Structures are given as C-alpha cells and as structure tokens.
Amino acid sequence: DQKFIGTVPERKETHNTPVAHPAEAHPNPPTTPAHPLTTTTTTLIPQPSQPNLPTSNLPTPPKQTFKMAGGHVKYRHLSRTSSHRQALLRNLVTELVRQESIHTTWPKAKEAQRLAERLITYAKKNNETSRRQAQGILFTPDELMPKLFGPIRERYLNRPGGYTRVLRTMPKNKFDQGDSAILELVDGPKDMRFAITAAAVARDRKLGTGHTDITIKNIQKVTQFRPEGRDQFEEMVEKVAGLQLNMNELKDKAVKKE
Numbered sequence: 001d002q003k004f005i006g007t008v009p010e011r012k013e014t015h016n017t018p019v020a021h022p023a024e025a026h027p028n029p030p031t032t033p034a035h036p037l038t039t040t041t042t043t044l045i046p047q048p049s050q051p052n053l054p055t056s057n058l059p060t061p062p063k064q065t066f067k068m069a070g071g072h073v074k075y076r077h078l079s080r081t082s083s084h085r086q087a088l089l090r091n092l093v094t095e096l097v098r099q100e101s102i103h104t105t106w107p108k109a110k111e112a113q114r115l116a117e118r119l120i121t122y123a124k125k126n127n128e129t130s131r132r133q134a135q136g137i138l139f140t141p142d143e144l145m146p147k148l149f150g151p152i153r154e155r156y157l158n159r160p161g162g163y164t165r166v167l168r169t170m171p172k173n174k175f176d177q178g179d180s181a182i183l184e185l186v187d188g189p190k191d192m193r194f195a196i197t198a199a200a201v202a203r204d205r206k207l208g209t210g211h212t213d214i215t216i217k218n219i220q221k222v223t224q225f226r227p228e229g230r231d232q233f234e235e236m237v238e239k240v241a242g243l244q245l246n247m248n249e250l251k252d253k254a255v256k257k258e
C-alpha cells in the first residue's frame, strides 16, 4: 500500500454549470440525461456602449452600380433567317455594283452598305485571296468582277474610305410608309449629292445670293477625291442651269396659252 504524506487538496469544479440536486431537478426530467462532459454553456460578453454620434456628419458609403456591357444591336436581323438575310444583302450589293445606285428601305440600305464597303476593300487589295472573297459575295461574278476590279477599283484607289452613301428619301411603299433610302457609289455617274449640290449652286448664282455653309461643305465633299472634280462640277452646274431655264420657258408658254 502506498501512503500519502500530508493532505490531498480538494478538487474544484472548473465549469460554470451548477450541479442540481436530484430532488431539485426539473419536474419533467428527460428520459436520457445528457452526459456531463457534453454539456456546454454559452456566456454572453457585454459589449461596451458607444456614444450616439450624429448621423449627418458620417460619410455615406459609395453605392455599387453594375452596368450591362453593350446594349447596341450588332446588326439588323431584317425579320429574316440568317441564310435569307445573307442572300438578300448579297443581292442588293450585286445590283449596286451593276447599277451603282439602288432604292430600297432604310434598314436594308444601311446593312447592305457595310457589305458593299467590304467588297470594295477587297477590290482595292487585288490579290488572289481578295478575289475569291469578292467572288463569294457577288451572285454574278463572271459579269461584274471585271467592272469591280477595273473602273470601280481605279475610282477609289486614292480614297481612304467611305465608298458608298445612304440618302433618305420619301417612303417608297405608300402602304406601310416605311423609311426609304438610296444606296449609291460616291463619285460615280449617278452620284445624287453631286447633282443636288450643283442644282443648289445654280440656283444661288441665278438669285445672286451667297452659298450656305452646308452647300460649301457639300462642294468640298463631292469634288475632293473626284479626278477633275471642279471641272465636272462646273459642267453639271451649267447643265442644271440650262434645264431650269428651259423649264421656265415651258411654264411661260403654258401660261400664255391659258
């Protein structure tokens, strides 16, 4: 037997859970009491009270804003499937190369303008790859490839861009009154702005008034990259002035007959 020298200190309880006497327990004790080692207690630590600060002097935190990227339609669907839309644009561009001016709706003209600009860029490159790409756009390449890589390419060889123009017109279809426009090749024989600007200059010269800022700007636009543009513009002005004179004479004759 081992003998202890002195007295053994009493063991103190380290947990904060008071031990209840069996007689003072809950009137409805659980059937399976929990093990004393698994019993846990939660002690709430009091937080120090903060002084009431004025809310008006506190800085307002920045609000987080989330913006959606894009929002702009990449292209107009034109109420058609992908294959039908591509065939429509190819047909419009083919007719544009053939006639150099077409009249269609505004959305179709704007979408065909993008394809026409790309086609003329292929013609300016004038290599084997660009020829194959241009041939895949035109519906009648055997007929229009010589014109595209000939006169049209030479016309825009010194122009950095902007080979086509879209001009709004009166509604072509009177039933739905849809927005209509003219898609044309600039500096060509059917350049509408060239003729309209010449008519404005002829009218100003007849009335003896000065040109407006828009007319001066249009004169620079239509003659900037056109070879011998000033001479051709003066010829067009004289031609329009002669037509206006003939129209006035016809009106005077009609009035005299009445």
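Mind the numbering: the sequence shown is residues 1 to 258 in the UniProt record's numbering, read in order. Backbone N, C-alpha and C fix where the C-beta goes; we use that ideal spot for every residue, glycine too. The model shown is predicted, which means the values in this text are computed figures rather than measured ones.
Annotation for Arg76: no beta strand (DSSP E) segment contains it, and DSSP assigns it neither H nor E. The distance from the Cβ of Glu143 to that of Thr164 is about 20 angstroms, inconsistent with a contact at the 8 angstroms cut-off.
Exclusion of the five residues before and after Asn91 leaves Phe139 as the residues of its chain whose Cβ lies within less than 7 angstroms of its Cβ. Linking Gly210 to Ala202 through their CA atoms gives a straight-line distance of about 11 angstroms. If you draw a straight line from the Cα of Gly178 to the Cα of Thr94, it is about 23 angstroms long.
Checking the DSSP bridge columns, you'll see Arg168 partnered with Ala181.
Separation of Ile182 and Arg131 (C-alpha to C-alpha, rounded to the nearest whole angstrom) is 27 angstroms. Tyr75 has its alpha-carbon roughly 14 angstroms from the corresponding atom of His84. Annotation: Glu235 to Leu88 spans about 38 angstroms, alpha carbon to alpha carbon. Its chain contains Phe149, Arg153 as the residues whose beta carbon lies nearer than 7 angstroms to that of Asn126, once the 5 sequence neighbours on both sides are disregarded; these appear in chain order.
His103 carries a strand assignment under DSSP once its states are collapsed to helix, strand and coil. Here the alpha carbon of Glu238 sits roughly 11 angstroms from the alpha carbon of Arg205.
Collapsing the DSSP output to three states places Leu157 in coil. Contact annotation, Tyr156 with Ile102: C-beta distance approximately 18 angstroms; criterion of less than 8 angstroms not satisfied. Secondary structure at Gly188: coil, using DSSP grouped into helix, strand and coil.
The three-state reading of DSSP puts Asp176 in coil, since its state is none of H, G, I, E or B. DSSP, read as helix, strand or coil, puts His211 in coil. Excluding five sequence positions before and after Gly188, the CB atoms of its chain that fall closer than 8 angstroms to its own CB belong to Glu100, Ser101, Arg155, given in chain order.
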